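Asks: Residue numbers (my numbering), protein chains in the order written: chain A, 148 to 362; chain B, 148 to 362.
Before anything else, here's the structure in question.
Number of protein chains: 2
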Amino acid sequence: MTPDSLPADGLRDRKKRRTRTALATAALRLVAENGLDQVTVEEISAAADVSSRTFFNYFPSKDDALIGDQAALNARVVARLAEAPPEVPALAAIRAALAEVIEEFQEDRELWLLRMDVVMRNPALLPRLVAAGVEAERSMTEVVAARVGVPADHGFPALLTTVTGAAFRTAALRWAATAGARPLADLVDEAFDTLAAGLPDPGPAAKPHPSRTPS
Amino acid sequence: MTPDSLPADGLRDRKKRRTRTALATAALRLVAENGLDQVTVEEISAAADVSSRTFFNYFPSKDDALIGDQAALNARVVARLAEAPPEVPALAAIRAALAEVIEEFQEDRELWLLRMDVVMRNPALLPRLVAAGVEAERSMTEVVAARVGVPADHGFPALLTTVTGAAFRTAALRWAATAGARPLADLVDEAFDTLAAGLPDPGPAAKPHPSRTPS
DNA sequence: GCGAAACTTTGCACAGCCTGCAAGATCGGT
DNA sequence: ACCGATCTTGCAGGCTGTGCAAAGTTTCGC
Chain A
148 MTPDSLPADG LRDRKKRRTR TALATAALRL VAENGLDQVT VEEISAAADV
198 SSRTFFNYFP SKDDALIGDQ AALNARVVAR LAEAPPEVPA LAAIRAALAE
248 VIEEFQEDRE LWLLRMDVVM RNPALLPRLV AAGVEAERSM TEVVAARVGV
298 PADHGFPALL TTVTGAAFRT AALRWAATAG ARPLADLVDE AFDTLAAGLP
348 DPGPAAKPHP SRTPS
Chain B
148 MTPDSLPADG LRDRKKRRTR TALATAALRL VAENGLDQVT VEEISAAADV
198 SSRTFFNYFP SKDDALIGDQ AALNARVVAR LAEAPPEVPA LAAIRAALAE
248 VIEEFQEDRE LWLLRMDVVM RNPALLPRLV AAGVEAERSM TEVVAARVGV
298 PADHGFPALL TTVTGAAFRT AALRWAATAG ARPLADLVDE AFDTLAAGLP
348 DPGPAAKPHP SRTPS
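Printed below as a string of C-alpha cells:
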C-alpha cells in the first residue's frame, strides 16, 4: 500500500520517472547556479547518480532536460482547441485552450518560475523553447485552418498560431520576471486582449482597472 | 552582381568579403542539396577553399553561416523605427520600418528564397532565426517603450516586438513557400493588417480585394 | 522460487562542433 | 625593402551526441 501518487505503475516505470525528474531538476539547479555552458552533461549526470550515457537515453540534448516537455503541453492545447465549439472565434478559442496549461504552470509554480528564470538568463535556450513549439504549432495550424475553413494557401492559420505562441511566451517570461507577483492567467489575458484590440498604443496613463471584468 | 559595389576598400577587405560570401553561399548550396547534418564544416570550408579553422573565424557556428546577418537587418529596422514621427502608432511605425529590409529581400531575391527554403527544410534552423532576432528585439523593445511612454514593467513593448517579429517571419516563410509568387511586401501588409484588425476569423469566402485599401 | 525474456544502464569508440594558442603567410604603409 | 598589423592555418583539446555490445535489473510464465 505505498501511498504513491500515480496509478500503480511497475517499479520499473517508477524508477524511470524518478531518474528523469532527478536529471531535469539537477540540470535546472546547476544551470541556475553556474550558467548554461559552465555545466556539463557529465556533472548533471553525476548529480543524478547515473552515467552520462544514460542522460542521453532520457534527453536528446542538454537543452531538452532544461526546457521540459513542451511537446506534451502543446499537444494538450491542440486537443482542447479541437474540442472548442466552432462558433467562438479562433483567437478566443486558443486563449481558452491555454487555460489548462496555465493551471499547470501555477500548480508547479516553483518549477516553472525557475525554468523561465533559467531561460531568461541563458538566451540560447529561448530558441529551443520556440523549437519545441514548432512541431505542435504545425498541427495547431491545421486545426485552425479546418476551424475557420480557409484554403491551404491562406496565411491566417500560421499567423495566428505563431503570434499567439509569441504572446504566451512573453506573458510567461513576464510572469517569471516578476517572480509570479501577478497570476499568469492575468498576464495572458492582458496579452490576448491587446491582440484582440489590434495592438493599439496604450495611453500613457490609462489603467484604472487592471483588465478583469471592466464592469 | 557588380564586382566592387562598395567604396574602394583595400584588397584585404575585399578578400574578406569574398571568402565570407563564398563560405555562406557554399554552406547554403550544400545544405540545400544534402540536408543540414549531412554537411560538415569541413566540407563547406573545402568548397570555399579555406581551412575549417578559418570558417570559425568568420562564423561562430555552422548555423550562422546559413541564416545570414540577421543582427544587421534588425539594427536597421530599429534605426528606422527611431526616426519615425511619434504620432504614428507603434504597430504602423514598425511596419514602415520594415520597408527597407523588405526591399533588400526583393533585391537579393534568389539568396533569400534559397535561405528561407533551407530554413523550412531544416527546422532546427528556425529557432536560430528567432535567436538572431532576440538581441535586436530587446533594443527594439526599448525604443517602443520610449515611444509610447509606458513604465518599464508594462508588457506592451515586449508583446508588440515579439508579435511583429513572428508576423514578419511567417510572411517571409510564406513568401518562400510560394517561391516568391506574390511580393513579400504584400504578404507583410496582409499580416500586419490582420494584426491591426485584431486577428478576426477570415470569412470562408471573403476576398473581393486582396488586401489593399478595403475602401 | 526460478529461469527466460524484455528492458535499462553503462562503457567504449567515434564523429562532429567549437575554442585557445602559436607559427607562418599576407597586406598596408613608409 | 622593411615592419607592424592582420589573416590563415594547424594542432591540441573539451564537449555534445550516437551506435554498439556487454553487463545489470525487472517482469512474467511456470
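For glycine and all other residues, C-beta sits at the position ideal for the given N, C-alpha and C.
Remember, it's a predicted structure, so these values are computed and weren't measured experimentally.
Counting only runs that start and end within the stretch 209-295 of chain A, where is the alpha helix (DSSP H) found for 4 or more residues in a row?
Replies: 209-214, 217-230, 237-254, 256-268, 272-295
Asks: For Ala323/A, which residues from the same chain have a beta carbon less than 7 Å from its beta carbon, with the 5 sequence-adjacent residues on both sides left out?
Replies: Contacts found: Leu260, Met263, Asp264, Met267.
Asks: Please confirm if Gly345/A has its CB atom under 8 Å from at least one CB of chain B.
Replies: yes
Asks: With DSSP run on the structure shown, which of helix, strand or coil describes Arg200/A?
Replies: helix
Asks: Is the CB-CB distance between Leu170/B and Phe202/B below 8 Å?
Replies: yes
Asks: For Phe303/B, report the span of its alpha helix (DSSP H) as first-last.
Replies: 303-324
Asks: Which residue's Cα is closest to the Cα of Leu238/A: Arg256/A, Ala344/A, Leu320/A, Pro349/A?
Replies: Ala344/A
Asks: Exposed or buried, Lys162/B, counting other C-beta atoms within 10 Å across all chains shown (16 or more means buried)?
Replies: exposed
Asks: According to the neighbour-count rule (16 or more other Cβ atoms, all chains shown, within 10 Å of its Cβ), is Gly350/B buried or exposed?
Replies: So Gly350/B ends up on the exposed side.
Asks: CB Ala293/A to CB Ala299/A, shorter than 8 Å?
Replies: By the CB criterion at 8 Å, Ala293/A and Ala299/A fall outside the cutoff.
Asks: Tell me where the alpha helix (DSSP H) around Arg159/B begins and ends.
Replies: Note, Arg159/B: alpha helix (DSSP H), 158-181.
Asks: If I'm right that Val290/B touches Val225/B with Cβ under 8 Å, what's the distance once you round it to whole angstroms?
Replies: At roughly 6 Å, the Cβ-Cβ gap stays under 8 Å, so Val290/B and Val225/B are in contact.
Asks: In whole angstroms, what separates the C-alpha of Thr308/A from that of Met287/A?
Replies: 7 Å
Asks: Any Cβ of chain B within less than 8 Å of the Cβ of Pro268/A?
Replies: In the sequence under discussion, the amino acid at residue 268/A is Arg, which differs from the Pro named in the question. Chain B contact via Cβ: absent.
Asks: By a C-beta neighbour count over all protein chains shown, 10 Å radius and 16 as the cutoff for buried, is Thr168/A buried or exposed?
Replies: The residue is exposed, with fewer than 16 neighbouring Cβ atoms inside 10 Å.
Asks: Nearest-angstrom Cα distance between Ala240/B and Phe303/B?
Replies: 15 Å
Asks: Could you check the C-alpha separation between Ala244/B and Arg321/A for me, to the nearest Å?
Replies: 26 Å
Asks: Can you look up Leu346/B in the DSSP assignment and give me helix, strand or coil?
Replies: Reduced to three states, the DSSP call for Leu346/B is coil.
Asks: If we count Cβ pairs, one from each stretch, closer than 8 Å, do we get three or more for the stretch 268-275 of chain A versus the stretch 204-215 of chain A?
Replies: yes
Asks: Identify whether Asp300/B lies in helix, strand or coil by the three-state DSSP scheme.
Replies: coil
Asks: Quick one, are the C-beta atoms of Gln217/A and Ala279/A less than 8 Å apart?
Replies: yes
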